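The structure appears right after this line, and notes come after that.
In this note's numbering, the protein residues as written are 3 to 642.
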């Protein structure tokens, strides 16, 4: 690791591009770590520390500092003073116990520690949902717990017969090993974790290791059921001590001991208490908190308000949601092509482990608002969301789950996709359907719908033939009106749809492409240059060329392929000039142009590819194929 030390004057320091340790010294300094895993120290002064790529650790020191981790997992320690943390991804782990500190957050759903006094969300970022933030510890910020497990995502567990050497002496009183029946039931709870979160659980005989859950009995007194540590960079992290009481005699399902064990296991995985009253150790959990009926074991095993219905060796719904935020959903469960039908009599916490999956609200008697992107709050009904996510008719997708498809009700719905390639179908009603990032297929159905594609190559899907619809464009987008609304040929759909950021329209018999600043424009310019305007009317050919481009062929490679197809491997310059001129104008090329430009191709002054690109992009070609008109009407093509 390279060591760089600054002076006591204000200065700007840069890393070497490898792993650096940079100490700024006194003065108001700016420090750039750059590439590599860096240690940046601000020391005295009001410093700005920028980690850059790599896994960096930033120490602000004294003064009012600005800390930005950059790409990669980073640890940001503000130190004394009023510090500002620039949170740009979900991998910034923040510590700061002094001063009046501020986080400026430009990424959605980041856990910001309670010790940060001010939080400002910018660039459209939104906070972590309350039902997650109220259950995860502040020291989980920056995806720390998942990162600490490493790529294998493995917890080990052990039932030591004697107190580990690293353990605090206070755990020695009455320490003893779990009984065989207690161990059996504890293993049931531990192995259950693999069915809900993306971790491996492996038994070991050695407690003095990182990411190892050591579980034992201890005499903790009448008021204490158990105690546990959050995940930690020390061996004590995630250790569990169960009070040796009659209520914990077996830890089996149906007994208080099962609830107690899962409660302590929740702490060992990084969950906190959801209430603001002192716990049995007279400590109060960091805010935020759950309120009212949600602070109950029905929703979270981390509550002190329990009922026998939750005396079981598994977690409640809010616990699962919080744990999946920390570790991701299990990749061993729900791995098929699953369909999740929304319920009206309960909240809908939807999670999935793989496959091509669908949320289906087609049976709902009320309109629905549903987001496929995890962390957002949807609902059933016109009244908007309830006061709590646990109320009936609420809908959310847990973090880490990838749901591809979404089907709405027969009412006026608001359906929003995620970053995958989604299929979204609205059904009857006047729907608002938004694909988001990804290459989406959106079907409005009956009613007058608003279809928003977002980023990616997006399709509006209609079940009728092209001649059943009027298609027009305006400055805002595309307008599609079913002709049965205007006395024309009847179609299944009715109403008038407005399309925004939609590149393609799919009918039963033909498709239309409108991405004339993208692949549709490249396709028609290429076809026009080589085959003239008649080539554009060959919907099969247009579809073939579009398919090449949509599957990643660069524009220059398409032109080169066309050159070799028409002119061979060694194209003749004059022949190319004659060919392109006639394709663009319908007339023979003047000989002086043939000689001059063709000669340049032959002499290497202009390459064959450059000539083809010149022809394709030339205003004569654009006029000949009516490029502006095509952009307004769309170009027809068949899928190949």
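Backbone N, C-alpha and C fix where the C-beta goes; we use that ideal spot for every residue, glycine too. Values in this document were obtained by computation on a predicted structure and should not be read as measured data.
Identify every residue that forms a DSSP beta bridge with residue i.
{"i": "residue 228", "result": "244"}
{"i": "residue 218", "result": "243"}
{"i": "residue 203", "result": "157"}
{"i": "residue 598", "result": "Note: residue 598 sits in no beta bridge, so no partner."}
{"i": "residue 61", "result": "43 and 79"}
{"i": "residue 479", "result": "476"}
{"i": "residue 502", "result": "454"}
{"i": "residue 22", "result": "4"}
{"i": "residue 350", "result": "397"}
{"i": "residue 138", "result": "273"}
{"i": "residue 16", "result": "34"}
{"i": "residue 51", "result": "33 and 69"}
{"i": "residue 307", "result": "Residue 307 is not bridged to any residue."}
Give a yes or no on whether the C-beta atoms belonging to residue i and residue j are separated by under 8 angstroms.
{"i": "residue 616", "j": "residue 603", "result": "no"}
{"i": "residue 296", "j": "residue 214", "result": "no"}
{"i": "residue 545", "j": "residue 642", "result": "yes"}
{"i": "residue 405", "j": "residue 444", "result": "no"}
{"i": "residue 54", "j": "residue 35", "result": "yes"}
{"i": "residue 90", "j": "residue 108", "result": "yes"}
{"i": "residue 98", "j": "residue 71", "result": "no"}
{"i": "residue 461", "j": "residue 478", "result": "no"}
{"i": "residue 576", "j": "residue 600", "result": "yes"}
{"i": "residue 106", "j": "residue 95", "result": "no"}
{"i": "residue 190", "j": "residue 327", "result": "no"}
{"i": "residue 160", "j": "residue 216", "result": "yes"}
{"i": "residue 256", "j": "residue 244", "result": "no"}
{"i": "residue 337", "j": "residue 356", "result": "yes"}
{"i": "residue 118", "j": "residue 103", "result": "yes"}
{"i": "residue 419", "j": "residue 438", "result": "yes"}
{"i": "residue 134", "j": "residue 324", "result": "yes"}
{"i": "residue 611", "j": "residue 561", "result": "yes"}
{"i": "residue 301", "j": "residue 131", "result": "no"}
{"i": "residue 453", "j": "residue 499", "result": "yes"}
{"i": "residue 447", "j": "residue 495", "result": "yes"}
{"i": "residue 157", "j": "residue 203", "result": "yes"}
With DSSP run on the structure shown, which of helix, strand or coil describes residue i?
{"i": "residue 7", "result": "strand"}
{"i": "residue 75", "result": "coil"}
{"i": "residue 492", "result": "Any reading at residue 492 must be qualified, since the residue scores a pLDDT of 44, below 50, and its modelled position is unreliable; no value is offered."}
{"i": "residue 173", "result": "helix"}
{"i": "residue 637", "result": "strand"}
{"i": "residue 517", "result": "coil"}
{"i": "residue 331", "result": "strand"}
{"i": "residue 252", "result": "coil"}
{"i": "residue 425", "result": "strand"}
{"i": "residue 644", "result": "With the chain covering 3 to 642 only, the question about residue 644 has no answer from this structure."}
{"i": "residue 405", "result": "coil"}
{"i": "residue 285", "result": "coil"}
{"i": "residue 623", "result": "helix"}
{"i": "residue 396", "result": "strand"}
{"i": "residue 28", "result": "coil"}
{"i": "residue 212", "result": "coil"}
{"i": "residue 416", "result": "strand"}
{"i": "residue 342", "result": "strand"}
{"i": "residue 185", "result": "helix"}
{"i": "residue 462", "result": "strand"}
{"i": "residue 292", "result": "coil"}
{"i": "residue 444", "result": "strand"}
{"i": "residue 164", "result": "coil"}
{"i": "residue 313", "result": "coil"}
{"i": "residue 180", "result": "coil"}
Any heavy atom of the ligand SAM closer than 7 angstroms to the Cβ of residue i?
{"i": "residue 527", "result": "The ligand SAM is not among the ligands present in this structure, which contains no ligands whatsoever."}
task = Give a yes or no on contact between the segment 418-434 and the segment 383-391, applying the rule of three or more CB pairs nearer than 8 angstroms.
result = no
query = Can you find at least 3 beta carbon pairs, one from the segment 311-326 and one from the segment 283-291, that sit closer than 8 angstroms?
reply = no
ask   = With a cut-off of 8 angstroms, do at least 3 Cβ pairs link the segment 272-280 to the segment 132-152?
value = yes
ask   = If we count Cβ pairs, one from each stretch, closer than 8 angstroms, do we get three or more for the segment 36-56 versus the segment 19-28?
value = yes
request  = Examine the Cβ distances between the segment 198-205 and the segment 165-184 and report whether three or more of them are shorter than 8 angstroms.
outcome  = Contact between the segment 198-205 and the segment 165-184 is absent: fewer than 3 CB-CB pairs across the two stretches fall below 8 angstroms.
Every unbroken beta strand (DSSP E) inside the segment 358-392 [3 residues or more] = 360-362, 370-373 and 380-382
query = Mind pulling the beta strand (DSSP E) runs of 3 or more residues that sit fully within the segment 66-131?
reply = Fully enclosed beta strand (DSSP E) runs of 3 or longer: 68-70, 76-79, 86-89, 94-97, 104-107 and 120-123.
inquiry  = Taking 8 angstroms as the cut-off, does the segment 494-514 touch the segment 620-640 (at least 3 CB pairs, one atom from each stretch)?
reply    = yes
task = State whether the segment 574-593 contacts the segment 550-559, with contact taken as three or more CB pairs (one from each stretch) at a distance under 8 angstroms.
result = no
ask   = Which ranges does the alpha helix (DSSP H) cover as unbroken runs of at least 4 residues, wholly within the segment 531-589, from first to last along the chain?
value = 535-538, 541-552, 557-569 and 575-587
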